[in-house]
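Visitor: In mature numbering (1 follows the signal peptide of the UniProt record, and there is no 0), the protein residues as written are -19 to -1, 1 to 636.
Take a look at this one; I'll ask things after.
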Ligand code: BES
Ligand code: ZN
């Protein structure tokens, strides 16, 4: 028992460890290795309140973003039967939850919901379900509304009839004109971090893992796919059956419906996309199978059976989302030259870091994203070689530096305090790039082979579990720190994880391919070389990106025109290049790029691009223009995109 565990016990008076309740029934280790379990006397809310009152530090292992009383009940399995109604923009039907009881007292079951309309609830044991009372608690703007269900004493199953709201935070309903084909509507869900509750009532916390089956009823011409056992041969009769036998946290529950076709890329890999995009996507991502094999080779078997990609319409708010067996991917990375496929390596790597070993709360997100970013770089090196590896790492490092330059200290800490905050709004490069740099330093210190062995053991040790930052620290102490006491330093590791900034002497990723760009940029800026005379014939995407991102704050109108006419940047087909150029254009008021800017902001919904562009517009005195474009584009944006960008444009108090 760790000292943290003892502290927790003292804090809440008594503790009921999950495993201690029913050791014989639990085939695996408990999913959560943390001990901050609320007790019968101290339900989740009380624990949260008390933890807040007693400490100005978040309590390890407490999920401050869920109402669920996970120490009384654990949802083990969900059966969904949902009808997809494109006219009303609702998902409607039934969720049946199989529970494991951890209490023999008569306790209500508290589930997470957001904007759900609950029609009826039945509960009972086995097949015998009876209507039961339920009530909705007070709505929290970040967390949604707790659903309290009065369960009979021995109930182990609950069935909820419900429908989603047309503006559900985790669902986007697209009109045909927002798709590549332009003829059929499209629907997709995005559950991470806390949006699963807006389309299924459940314990929406990464500490609970569920298996699920689903029946999805769609218009007959459309195909449904899920984070489950998709069957490309499924009959197109408007009814799709799914099963997900590996237990997953709720944020990996995912559904999409549209005019989708399938093309295999390798034995275990393939693409689902609208027919218009299928060929180009399959060609762009043809290395996916090799990436899968390379990752298995280093970090142990792929445990999820198939690995397919789903290409979404451009309003998808992220680059990618690691939904198990079926990563959701933005079409904006289909550049034609594989320059942006690190995204695929990233989502694939989550099959180990994230989906297999899962962050226990959103404070621990760096365990998902930092490990994944580190693995991404390693996969890229394996498939595309050293130079690409160095460039990807150096660009990531620059992103980190940029974020460190304009964030409050507290937000630079990997194990971040998110109490009372909306995880969507705290999103940054810190958990990704600082996490990855930390692991890179460990690798440098103990040697690559030893570090890979450590990672392999780590994934096996914690497979299908949710772990906290402190679990990781303890594991590191037992393993690498004990093995290499002369190479590693516990205090420095603590600093990496719990202090802002980057520890002094941390590695600085650099690339020779970039070092030769610096003098060229310099000469051009000094007027020693004309833009048209720069020999860019062998520049890769990464070098272009580096060239542009390294430009000074201010450029003159003549300089902007010279760059644009030499390299046609305003018309760039590579969205990352276009983005970097538009950032320069906005801050320098370069009008010739503004039409492209408006199109870019209207056609693409990826927040990685939209947030900085809108912020840049506002900060450079063009709030009105930002608002005008936003108002016009808004109907096509995902709810999340609307929420975070309206705050940027109209300030914190606005809707
Ligand atoms: N899991 C994330 C997306 C995410 C994180 C959604 C936190 C909601 C909350 C996904 O794997 C991701 O990191 N996507 C990045 C990819 C990039 C870093 C290669 C993205 O979308 O830009
Ligand atoms: Zn990720």
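Glycine is no exception: its CB is placed at the ideal position from the N, C-alpha and C atoms.
Quick caveat: nothing in here was measured; it's all calculated off a predicted structure.
Roughly how many angstroms lie between the CA atoms of residue 422 and residue 351, to the nearest whole one?
Guide: The sequence position of residue 422 within the chain shown is 441, counting from 1. The sequence position of residue 351 within the chain shown is 370, counting from 1. Distance between the alpha carbons of residue 422 and residue 351 is about 13 Å.
Visitor: Tell me which same chain residues have a C-beta within less than 6 Å of the C-beta of residue 205, skipping the five on either side of it?
Guide: For the purposes of this step, residue 205 is taken as the residue at position 224 of the chain shown. The answer, listed in chain order, is 197, 199, 221 and 238.
Visitor: Start and end of the alpha helix (DSSP H) containing residue 340?
Guide: Here residue 340 is taken as the residue at index 359 of the chain shown, counted from 1. Segment 338 to 340 is the beta strand (DSSP E) holding residue 340; no alpha helix (DSSP H) there.
Visitor: Could you tell me whether the Cβ of residue 372 comes closer than 8 Å to any Cβ of chain C?
Guide: Although the question refers to chain C, the structure presented lacks it and comprises just one protein chain.
Visitor: Specify the secondary structure class of residue 109 as computed by DSSP and reduced to three states.
Guide: The residue you call residue 109 lines up with position 128 of the chain shown. Here residue 109 sits in strand by DSSP.
Visitor: Could you please give me the residues that DSSP links to residue 74 through a beta bridge?
Guide: One-based indexing of the chain shown puts residue 74 at position 93. The partner list for residue 74 (beta bridge, DSSP) reads 63 and 143.
Visitor: Say the cut is 7 Å; is the CB of residue 644 nearer than that to a heavy atom of ligand 1?
Guide: With the chain running from -19 to 636 in the structure shown, residue 644 is simply not present.
Visitor: Could you pull out every unbroken alpha helix (DSSP H) segment of at least 4 residues lying fully inside the stretch 496 to 564, listed in chain order?
Guide: As far as the stretch 496 to 564 is concerned, its whole alpha helix (DSSP H) runs of at least 4 residues are 498 to 506, 522 to 530 and 538 to 548.
Visitor: Checking 8 Å against the spacing of the C-beta atoms, do residue 293 and residue 315 come in under that value?
Guide: Residue mapping note: residue 293 aligns to position 312 of the chain shown, counting from 1. Residue mapping note: residue 315 aligns to position 334 of the chain shown, counting from 1. No, they are not a contact pair.
Visitor: Applying the criterion that 16 or more other CB atoms from any shown protein chain within 10 Å of the CB defines a buried residue, is residue 635 buried or exposed?
Guide: As a first step, residue 635 must be located in the chain shown, where it is residue number 654. Per-residue confidence for residue 635 stands at a pLDDT of 44, beneath the threshold of 50, marking its modelled position as unreliable; no derived number is given.
Visitor: Take residue 138 and list the residues in its own chain whose beta-carbon comes closer than 8 Å to its own, dropping the five residues that flank it on each side.
Guide: One-based indexing of the chain shown puts residue 138 at position 157. So the list reads 77, 78, 79, 80, 104, 105, 106, 107 and 110, once near-sequence residues are dropped.
Visitor: What are the boundary residues of the beta strand (DSSP E) that includes residue 628?
Guide: Counted from its first residue, the chain shown places residue 628 at position 647. No beta strand (DSSP E) holds residue 628; the alpha helix (DSSP H) holding it covers 620 to 631.
Visitor: Comparing the CB of residue 350 with every heavy atom of ligand 2, is any distance shorter than 7 Å?
Guide: For the purposes of this step, residue 350 is taken as the residue at position 369 of the chain shown. Flag set: Cβ of residue 350 near ligand 2.
Visitor: Grouping DSSP H, G and I as helix and E and B as strand, with all else coil, what is residue 450?
Guide: Here residue 450 refers to the residue found at position 469 of the chain shown. In the structure shown, residue 450 sits in a helix (DSSP, three-state: H, G or I).
Visitor: CA-CA distance, residue 535 and residue 274?
Guide: In the chain shown, the residue the question calls residue 535 occupies position 554. In the chain shown, the residue the question calls residue 274 occupies position 293. So the alpha carbons of these two residues sit roughly 46 Å apart.
Visitor: Run the proximity test for residue 327: is its beta-carbon closer than 7 Å to any non-hydrogen atom belonging to ligand 2?
Guide: Residue mapping note: residue 327 aligns to position 346 of the chain shown, counting from 1. Yes, since a heavy atom of ligand 2 falls inside the 7 Å radius drawn around the Cβ of residue 327.
Visitor: Spatial neighbours of residue 126 within its chain, please: CB distance less than 7 Å, with the 5 preceding and 5 following residues excluded, ordered by chain position.
Guide: If you number the chain shown from 1, residue 126 lands on position 145. Result list for residue 126: 94, 95, 117, 118 and 120, in chain order.
Visitor: Pop quiz: residue 184 and residue 49 are said to be a contact at Cβ under 8 Å. What is the actual Cβ separation, rounded to whole angstroms?
Guide: The sequence position of residue 184 within the chain shown is 203, counting from 1. The sequence position of residue 49 within the chain shown is 68, counting from 1. At roughly 4 Å, the Cβ-Cβ gap stays under 8 Å, so residue 184 and residue 49 are in contact.
Visitor: Rounded to whole angstroms, what's the CA-CA distance from residue 394 to residue 514? Just pull it up for me.
Guide: For the purposes of this step, residue 394 is identified with residue 413 of the chain shown, where counting begins at 1. For the purposes of this step, residue 514 is identified with residue 533 of the chain shown, where counting begins at 1. If you take the alpha carbons of residue 394 and residue 514, they lie about 45 Å apart.
Visitor: Quick one, are the C-beta atoms of residue 333 and residue 348 less than 8 Å apart?
Guide: Within the chain shown, numbered from 1, the residue matching residue 333 stands at position 352. Within the chain shown, numbered from 1, the residue matching residue 348 stands at position 367. Not in contact: residue 333 and residue 348 (Cβ atoms no closer than 8 Å).
Visitor: Is it the case that the CB of residue 303 approaches a heavy atom of ligand 2 more closely than 7 Å?
Guide: For the purposes of this step, residue 303 is taken as residue 322 along the chain shown, with counting starting at 1. Checking the Cβ of residue 303 against ligand 2 gives yes.
Visitor: Looking only at its chain, what residues have a beta carbon closer than 6 Å to the beta carbon of residue 631, apart from the 5 residues adjacent to it on each side?
Guide: Indexing the chain shown from 1 puts residue 631 at position 650. Once the five neighbours on either side are set aside, residue 631 has no close Cβ partner at all.
Visitor: Spatial neighbours of residue 101 within its chain, please: CB distance less than 8 Å, with the 5 preceding and 5 following residues excluded, ordered by chain position.
Guide: On the chain shown, position 120 is the one that residue 101 refers to. Taken in chain order, the residues that qualify are 112, 141 and 142.
Visitor: First and last residue of the beta strand (DSSP E) that includes residue 308?
Guide: As a working mapping, residue 308 is identified with position 327 in the chain shown. Segment 307 to 310, the beta strand (DSSP E) holding residue 308.
Visitor: In its own chain, which residues sit with a C-beta less than 6 Å from the C-beta of residue 492, not counting the 5 before and 5 after it?
Guide: As a working note, residue 492 is residue 511 in the chain shown. These residues qualify, in order along the chain: 371, 372 and 375.
Visitor: Does residue 317 pass the burial test, meaning 16 or more other C-beta atoms within 10 Å, or should it be called exposed?
Guide: By 1-based counting over the chain shown, the position of residue 317 is 336. By the neighbour-count rule (16 or more Cβ atoms within 10 Å), residue 317 is not buried but exposed.
Visitor: What did DSSP end up calling residue 617 once you bin it into helix, strand or coil?
Guide: The sequence position of residue 617 within the chain shown is 636, counting from 1. Correct three-state label for residue 617: helix.
Visitor: In angstroms with no decimal places, state the Cα-to-Cα distance between residue 41 and residue 475.
Guide: As a first step, residue 41 is located in the chain shown; it is residue number 60 there, counting from the start. As a first step, residue 475 is located in the chain shown; it is residue number 494 there, counting from the start. The alpha-carbon atoms of residue 41 and residue 475 are separated by roughly 15 Å.
Visitor: Buried or exposed for residue 545, going by 16 or more other Cβ atoms inside 10 Å?
Guide: To locate residue 545, count along the chain shown from 1; it is residue 564. Burial call: buried.
Visitor: Going along the chain, which residues of its own chain have a beta-carbon closer than 7 Å to the beta-carbon of residue 629, five neighbours each way excluded?
Guide: Within the chain shown, residue 629 is the residue found at index 648, counting from 1. Excluding residues within five positions, the ones whose Cβ falls inside 7 Å are 592, 595, 596 and 599.
Visitor: Using 8 Å as the Cβ pair cut-off and three pairs as the minimum, do the stretch 143 to 153 and the stretch 59 to 77 touch?
Guide: Yes, the stretch 143 to 153 is in contact with the stretch 59 to 77.
Visitor: What are the residues that DSSP puts in a beta bridge with residue 99?
Guide: Reading the chain shown from its first residue, position 118 is the one you call residue 99. Paired residues: 143.
Visitor: Do you know how far the Cα of residue 522 is from the Cα of residue 714?
Guide: As shown, the chain starts at -19 and ends at 636. That puts residue 714 outside it, with no answer to give.
Visitor: Would you call the stretch 233 to 253 in contact with the stretch 200 to 219, where contact means no fewer than 3 C-beta pairs closer than 8 Å?
Guide: Result yes; three or more Cβ-Cβ pairs closer than 8 Å.
Visitor: Hey, how far is the Cα of residue 265 from the Cα of residue 290?
Guide: Mapped onto the chain shown, residue 265 falls at position 284. Mapped onto the chain shown, residue 290 falls at position 309. So the two alpha carbons sit approximately 12 Å from each other.
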